[in-house]
């Protein structure tokens, strides 16, 4: 633990800086830092620190750890950083930031501006006219004395964007003393207007504010105020004209461009120093070489020329280089090391990368790099020219490698530094061929290693190339990707899959709803033969035909794909044998044809999670245009999916062919379903059978058109339990215009409704139940 006391002039106290000619420590422990007079800047590192700002207009940043920042006198800017912190402004007008985790921020005297940041924070303005912004998380705001501004609203002017508060009442901020002491106001941000607010009473003398004109989120609970009082005084609410001052711009920061640099004896090493933040002013920093702390330390004057140089930055300059001469000798010494240190910043501050290592390669180095191989796959399929987004990788003992295409592989290129492959001539991509491309990796000492990379001109050729090696335990990839085909962007036809293989498209690892690169399109869909196990389809686009898993084997994974305008179901399987350990996740399915469910499975176990389904079927569609349809499943979880604009049911469990067991339907968001002409389903619909261990929990269903939860057909064998859901069918068109949260069509079927709510946060009651079995719904 360090105890650091500043001077009577402005100080800069940051890790490894100079103070009164002494080098400060790295401030990684639980430190106590006191600054005195002058406008000081303090940037702590990790550890549970305490910073006493003292007199002057000071800037303090706690960084990680549970810190205490005390502004004392002066107009201070105090930023807490990570973990749970305590921030106190002291006297004068202060600017306080909680940033991440659950923080407590107190303004003290003066007109303060307080930002809570993420998680659940406590904001106390105390005396003065303060501005309180809870930001993300359920926060507690008290203005104290003075005329204070409580801020709530959306994070942008788009009505549907996230806002203060959240989907449940527990997410709302709490204004604890609004207009209890001073002439307080509520500021509405992000385009939120007074007319957008739904203001109701909570039954405990407090008012609830909800964004009814946009997100529908609960924004705040105003304590000691009724809805009538707030509605009678719209002048208490204002727009962004009373916005607080913006946060200060980030300071200029200098640091080394990398943690390590390399050079060869007899040559020079080039070390780059970068500047980020505000580069508008001139700045400088000292760079010093030393053998202290280096691995196998080099000798100054013998192995290298020592450097102690001031690195200058002109206004606008963001990078500078320093040349370090490396001296030749006749000895074989192996690699040697030098430490690089930045100190004494002027007109800037030091960043995190203030030290680095310089490795000197001996001219006698003869160790070759490793054999270059494809990253994340054994074969690359590509059918058009351009960059492929696929890389070759080799490791040298010093990690300095350049790449080149050698041999007679015309029309193929490789980036010498990154190893990305490119096709320069489309004429080489004809037919169903496999091109053996020789790649040579060269290290800084001139040692080389060559390897063969296989590039197939079609998916059929790629699968044939690895067919004889599947399951042999030999991995020809760089990154543990045995039996994997990489598929560059382009349009392909896929043969029937009858082997255990992984196919990775151009958007492998990128969810269907995220920003994606040009797609690897499969035109004819995916079909199986012989029940191959452990097949993965990752990162493709299906635009005509989807995936039929009827003859697939266990451990099938379908993830990060886009299914758009498929002629039938996007993903389906009809089989009499149980398809186990299936994972269907993070796919985008949209605009499917009418007459088909988007995901349609029988005899399934595993997970269907994180998918987005929208615009399934059309308004004239049939009851079969469901989002997710399944029967005779076991040990299946359907979770965290988003379904909207579905012609049929959102999620439907059939029972006509047999019962399902151990089914968890949880945390899905379902909106605007049952749009078709036949409204017999629901947001979640359950057909009768002897189902067991059926859990429906944490789902949010709105505008279901027939009933958020619908149970129909013969009596299921066990009680159905629905816990902690939001069930709100606003229009109820299939029930004579009567809104119904739960429709129980069969008398005698027991349903337990446990903690379920309507969309406005009120509990579901008998008046929200419909169907012949309404009396059998228990609370």
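In my numbering, the protein residues as written are 46 to 824.
Heads up, the beta-carbon is just placed ideally off N, CA and C, and yes, glycines get one too.
Keep in mind it's a predicted model, so treat the numbers as computed, not measured.
On a Cα-Cα basis, can you pick out the residue from the options that is closest to residue i?
i, options, result
"residue 489", "307, 633, 363", "307"
"residue 219", "186, 328, 401", "186"
"residue 267", "225, 257, 237", "225"
"residue 102", "78, 147, 56", "56"
"residue 371", "701, 345, 136, 685", "345"
"residue 485", "478, 464, 352", "464"
"residue 211", "165, 221, 239, 236", "165"
"residue 439", "584, 418, 71, 188", "418"
"residue 416", "159, 487, 337, 703", "487"
"residue 327", "335, 355, 481, 116", "355"
"residue 685", "675, 696, 679", "696"
"residue 117", "94, 109, 82, 589", "82"
One question on the structure: do residue i and residue j come within less than 8 Å of each other, judged by their Cβ atoms?
i, j, result
"residue 799", "residue 749", "no"
"residue 271", "residue 252", "yes"
"residue 107", "residue 80", "no"
"residue 4", "residue 618", "The requested residue 4 does not occur in the structure, where the chain is confined to residues 46 to 824."
"residue 379", "residue 331", "no"
"residue 577", "residue 521", "no"
"residue 691", "residue 698", "no"
"residue 198", "residue 179", "no"
"residue 564", "residue 551", "yes"
"residue 603", "residue 592", "yes"
"residue 744", "residue 789", "no"
"residue 620", "residue 595", "yes"
"residue 194", "residue 177", "yes"
"residue 173", "residue 148", "no"
"residue 396", "residue 299", "yes"
"residue 62", "residue 390", "yes"
"residue 386", "residue 349", "no"
"residue 569", "residue 605", "no"
"residue 112", "residue 89", "yes"
"residue 615", "residue 587", "yes"
"residue 682", "residue 654", "yes"
"residue 128", "residue 155", "no"
"residue 601", "residue 546", "no"
"residue 262", "residue 208", "yes"
"residue 46", "residue 85", "no"
"residue 787", "residue 739", "no"
"residue 134", "residue 188", "no"
"residue 334", "residue 369", "yes"
"residue 310", "residue 373", "yes"
Using a Cβ-Cβ cutoff of less than 6 Å, which residues in the same chain neighbour residue i once the five nearest sequence positions on both sides are dropped?
i, result
"residue 470", "456"
"residue 806", "214"
"residue 96", "78, 87, 105, 114"
"residue 747", "716, 773, 804"
"residue 143", "125, 150, 161, 162, 166"
"residue 658", "634, 643, 672, 688"
"residue 810", "none"
"residue 623", "648"
"residue 537", "504, 567"
"residue 770", "744, 801"
"residue 780", "Low local confidence applies: a pLDDT of 47 at residue 780 is under 50, so the model's placement there is unreliable, with the coordinate-based value given in what follows. Cβ neighbours of residue 780 beyond the five flanking positions: 815."
"residue 676", "647, 699, 702"
Could you name the residues of the same chain whose beta carbon sits closer than 7 Å to that of residue i, not counting the 5 residues immediately before and after it, in chain order?
i, result
"residue 317", "302, 364, 366"
"residue 701", "732"
Does the beta carbon of residue i come closer than 8 Å to any beta carbon on chain D?
i, result
"residue 350", "No chain D is present in this structure, which holds just one protein chain."
Excluding the five sequence neighbours on either side, which residues of its own chain have a C-beta within less than 8 Å of the C-beta of residue i, listed in chain order?
i, result
"residue 290", "With a pLDDT of 43 at residue 290, under the threshold of 50, the modelled position of that residue is not reliable, and no figure is offered here."
"residue 452", "482, 483"
"residue 541", "572, 573, 574"
query: Curious, which full-length beta strand (DSSP E) runs of at least 3 residues does the region 445 to 481 contain?
result: 446 to 451, 457 to 459, 465 to 468
message: Does the contact criterion of 3 or more C-beta pairs under 8 Å hold for the region 420 to 435 versus the region 359 to 376?
response: no
message: Does the contact criterion of 3 or more C-beta pairs under 8 Å hold for the region 522 to 531 versus the region 400 to 409?
response: no
query: Mind pulling the beta strand (DSSP E) runs of 3 or more residues that sit fully within the region 182 to 256?
result: 185 to 187, 194 to 198, 218 to 220, 230 to 234, 242 to 246, 252 to 256
message: Closer than 8 Å is the cut-off here; do at least three beta carbon pairs connect the region 495 to 511 with the region 528 to 537?
response: yes
message: In chain order, what are the residue ranges of uninterrupted beta strand (DSSP E) at least 3 long that sit wholly in the region 687 to 741?
response: 687 to 691, 696 to 698, 706 to 711, 714 to 716, 729 to 732
- prompt: What are the complete beta strand (DSSP E) segments, minimum 3 residues, inside the region 578 to 637?
  reply: 581 to 583, 602 to 604, 607 to 609, 616 to 618, 624 to 630, 633 to 635
task: Answer yes if the region 274 to 283 comes into contact with the region 318 to 330, meaning at least three C-beta pairs across the two stretches below 8 Å, and no otherwise.
output: no
- prompt: What are the start and end residues of each continuous beta strand (DSSP E) run of 3 or more residues lying completely inside the region 482 to 541, in chain order?
  reply: 493 to 501, 529 to 532, 535 to 537
message: Runs of 3 residues minimum, wholly inside the region 406 to 436: which ones carry the beta strand (DSSP E) assignment?
response: 424 to 426
query: Which full runs of the beta strand (DSSP E) of 3+ residues lie inside the region 258 to 325, going along the chain?
result: 263 to 267, 298 to 301, 305 to 309, 313 to 321
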